[in-house]
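Working notes, beginning with the structure itself.
Numbering (my numbering), first residue to last: 46 to 209.
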């Protein structure tokens with residue numbers, strides 16, 4: 046370990062339906078307040094809509110709905126975590142972001158088949174930090190390839206309509 050951090054994973058930690066989740070900070074571009082989301086007719090139910098982020102149209106999903114949980118109610122603490130996965134940019138609406146945390150890779154355990162009502166298909170693992178259970182999401186599984194393409198296509202359609 047040359048730099049002392051090779052065995053560590055840095056996570057953006059957030060709340061979703063009374064559970065604590067984390068995503069690899071390497072996928073996170075920024076975190077913004079949830080505001081002015083434009084709905085897209087015909088989009089999958091977990092797609093909240095699109096936002097204009099400094100001239101870029103970014104699709105936003107309701108992460109809770111995507112994971113099979115009850116929809117997120119937008120409130121003052123609601124945030125959109127902007128992630129880049131496989132060359133595609135999208136936002137994940139969450140109940141609130143709490144911190145950036147370093148974890149040793151050894152502290153991450155494989156996920157059980159189901160955690161807090163969420164299928165292991167979306168998970169990278171779980172970690173116990175003090176008394177807290179942190180559920181690690183695998184963003185590449187949250188956004189499957191065909192869905193990333195469909196989200197980017199929807200965002201492009203909205204962008205083209207706005208330009209004309």
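Glycine included, each C-beta is placed from N, C-alpha and C at the ideal position.
It should be emphasised that the depicted structure is a prediction, and the values quoted were computed from it without experimental measurement.
Asked, Found
"The segment 145-159 / the segment 116-129 touching (three or more Cβ pairs under 8 Å)", "no"
"Top-ranked residue by Cα proximity to residue 137, from 51, 95, 63, 158", "95"
"Exposure label - residue 173; buried when at least 16 CB within 10 Å", "exposed"
"The segment 66-73 contacting the segment 176-187, beta-carbon criterion three pairs below 8 Å", "yes"
"Proximity below 7 Å, CB of residue 92 to CB of residue 82", "no"
"Distance CB(residue 114)-CB(residue 162) smaller than 7 Å", "yes"
"Residue(s) in a DSSP beta bridge with residue 59", "66, 142"
"Distance between residue 157 and residue 73 (C-alpha atoms, nearest Å)", "25 Å"
"Buried or exposed by the 16-neighbour rule on C-beta atoms within 10 Å, applied to residue 111", "buried"
"Proximal residues to residue 61 (C-beta, below 8 Å), its chain only, five neighbours per side dropped", "108, 109, 112, 114, 117, 139, 140"
"Selection from 159, 187, 79 that minimises the alpha carbon distance to residue 121", "79"
"Completely contained alpha helix (DSSP H) runs for the segment 81-131, where each covers 4 or more residues", "108-111"
"Nearest-angstrom Cα separation, counted from residue 99 out to residue 198", "19 Å"
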